[in-house]
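Beneath this line is the structure, given in structure tokens, with notes to follow.
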Amino acid sequence: DAFGPSAPSRNLAFPPTANMTAVELLTFLPHTLKSPSVIYRLVSNGFSRLIICSIINTQRTLAVPSWHPNSCGQAMIRTMRFAGYEDWTAKSHGLWFDGEKENWDFKSVEVGGFKTPFEAYADGKGFAEPIPFKDLMKGLRKVPEGGDALDLTRMVEYAVLHPREKWRYPTDWERLLEKVGGPAEAEKEHSDGEAFKRWEAVEGAKPKAPKPRVSRENSEAPRPRGRPRKSVEPGAALVAKKKGTLAAVRLGELDGAASKANDEPIEESLLPVERSRDSSPVEEYVRGRPKLVEPPYEIVFPSVDEIVQVFLKESDCSQPDPFNPYAFSGPRKSAPYRPLHCISPPRQDDVSGWAENLRWATEQKDRFGAEGWDERPEHMDLIWKERVDSEWVSDEWLSNYAKEQ
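Sequential numbering from 1 applies to the sequence shown in full-length UniProt numbering.
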């Protein structure tokens, strides 16, 4: 599959009533090209396989170097012929479209009533299960913007920024749309025709002249491309030296400190020394009552698109998600900074300072709705100090400590 494993199923149902731009469909839901309803709309409104490929190659990270227009054309032909459009091609589309052209609304971006492959030609065993709205961000290189962005873009960005709210596509479409302010007015700039004009200017959408043939004997050997992948572990274990308390006095580089991250084992001195003979340190530890801790000043979070763009340039190659805690091998040291409440939970066995800071921020969000913290070094230091002063460790930390004994 050229679109990769993160692309949503071809048989995800369309919302009963919804507006989606062509670029939103191809960006978030590329397998909708297996829907005859989508192809009929795009081709009727002037889209070509070159434009479609240009959008997908620009907007998504693919399992292939690029999706070729020939592959796109073949996929479109299969879809339409399976759906009953006998001998259909993009060039012969007028045989079906010309009869309804007079009443065709070229500005409409409505997808209500569109059919999945299962509905159109019994492809598959039924509708796919709804998926988290935030998962529609997976596999993206770029988020739709300007006239290419409408309701779906706003909803996905909201879901990514509020990962603990359980919004599912397509079943929660109407509820989430109300949450983000209701449906936006579909203007002329959102239409397929205007999108065609914008993307026609993109280099990948223009037919290219054939390259001259070069004999193998006279050509240079191919040069390696790209950069080597690196394997990055999530970080060092939490280290403490303050005897008899749960305070951590050195969390290493992943906490924003200048020193190198530490891989020392968890020490029992983190836990109370004086305890009953039959109890363990973990059993005697009682976390203090949570209190709201707010950052020293209000900050403006970056857009999801800013995070995605820097992720594509700087991230660890092995991570597919810009909001994975290990996407940048720990907290970022320079802007843009990710909001902590948007970052996915760390691994259960990760007890690094970075992981503990994330868990502390999660508690702040869950208990008090606090969303003001991000991963900037200043915030990392402040959270570290708060954890030290309040002798705070997570349940995951305690569990890992118990396993060490």
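For every residue, glycine included, the Cβ atom is placed at its ideal position computed from N, Cα and C.
Using only alpha-carbon positions, find the residue among Val111, Arg78 and Asp366 that is nearest to Ser191. Along the sequence shown, one-based indexing puts residue 191 at 191. The shortest C-alpha separation from Ser191 is found at Val111.
So, with DSSP's three-state summary, where would you put Glu298? Reading the sequence shown from its first residue, position 298 is the one you call residue 298. In this structure, Glu298 counts as coil in the three-state DSSP scheme.
Between the region 149 to 162 and the region 58 to 67, are three or more C-beta pairs nearer than 8 Å? no
First through last residue of the alpha helix (DSSP H) which encompasses Gly73: The sequence position of residue 73 within the sequence shown is 73, counting from 1. Per DSSP, Gly73 belongs to the alpha helix (DSSP H) from Pro69 to Phe82.
Give the straight-line distance between the Cα atoms of Val351 and Glu396, rounded to the nearest whole angstrom. Residue mapping note: residue 351 aligns to position 351 of the sequence shown, counting from 1. Residue mapping note: residue 396 aligns to position 396 of the sequence shown, counting from 1. Each residue's Cα considered, the two are about 7 Å apart.
Out of curiosity, what's the CA-to-CA distance linking Ile266 and Lys313? On the sequence shown, position 266 is the one that residue 266 refers to. On the sequence shown, position 313 is the one that residue 313 refers to. Note on Ile266: pLDDT 35, under 50, position unreliable in the model; the coordinate value appears next. About 35 Å.
DSSP three-state assignment for Arg164, whether helix, strand or coil: Translated into the one-based positions of the sequence shown, residue 164 becomes position 164. Coil.
Pick from Gln309, Asp321, Ala90 and Trp384 that is closest to Ile52, judged by C-alpha positions: Here residue 52 refers to the residue found at position 52 of the sequence shown. Nearest option by C-alpha distance: Ala90.
Three or more beta-carbon pairs under 8 Å between the region 130 to 137 and the region 87 to 105, yes or no? no
Would Asn70 be called buried (16 or more neighbouring beta carbons within 10 Å of its own) or exposed? For the purposes of this step, residue 70 is identified with residue 70 of the sequence shown, where counting begins at 1. By the neighbour-count rule (16 or more Cβ atoms within 10 Å), Asn70 is not buried but exposed.
Do Trp173 and Ser54 have their C-beta atoms closer together than 8 Å? As a working note, residue 173 is residue 173 in the sequence shown. As a working note, residue 54 is residue 54 in the sequence shown. No, the Cβ-Cβ distance between Trp173 and Ser54 is not below 8 Å.
Thinking Trp354 and Pro331 are a contact (beta carbons under 8 Å), I'd like their distance in whole angstroms, please. For the purposes of this step, residue 354 is taken as the residue at position 354 of the sequence shown. For the purposes of this step, residue 331 is taken as the residue at position 331 of the sequence shown. Right, the Cβ-Cβ distance comes to about 6 Å (below 8 Å), so this counts as a contact.
Who does Pro183 pair with in a DSSP beta bridge? Looking up residue 183 in the sequence shown gives position 183. DSSP output for Pro183 lists no bridge partner at all.
Mapping DSSP to helix, strand and coil, what is Pro339? For the purposes of this step, residue 339 is identified with residue 339 of the sequence shown, where counting begins at 1. If DSSP states are grouped into helix, strand and coil, Pro339 belongs with the strands.
Could you check what DSSP says for Arg141 in three-state terms: helix, strand or coil? Residue numbering aside, residue 141 sits at position 141 when the sequence shown is read from its first letter. Arg141 falls in the coil class under three-state DSSP.
Note the first and the last residue of the continuous alpha helix (DSSP H) segment covering Asp305. Looking up residue 305 in the sequence shown gives position 305. Asp305 -> alpha helix (DSSP H) spans Val304 to Glu314.
Taking the beta carbon of Glu24 as the centre, do at least 16 other beta carbons fall within 10 Å, making it buried, or is it exposed? Reading the sequence shown from its first residue, position 24 is the one you call residue 24. Result: buried.
Where are the alpha helix (DSSP H) runs, 4 residues long or more, that stay fully inside the region 335 to 380, in chain order? 353 to 368
Starting from Gly126, follow the alpha helix (DSSP H) in both directions and report where the run begins and ends. The residue given as residue 126 occupies position 126 in the sequence shown. Neither: Gly126 is in no alpha helix (DSSP H) and is coded neither H nor E.
What does DSSP give as the partner residues of Asn19 in its beta bridges? Position 19 of the sequence shown, counted from the first residue, corresponds to residue 19. Asn19 pairs with Glu110.
Identify every residue that forms a DSSP beta bridge with Arg60. For the purposes of this step, residue 60 is taken as residue 60 along the sequence shown, with counting starting at 1. Per DSSP, Leu140.
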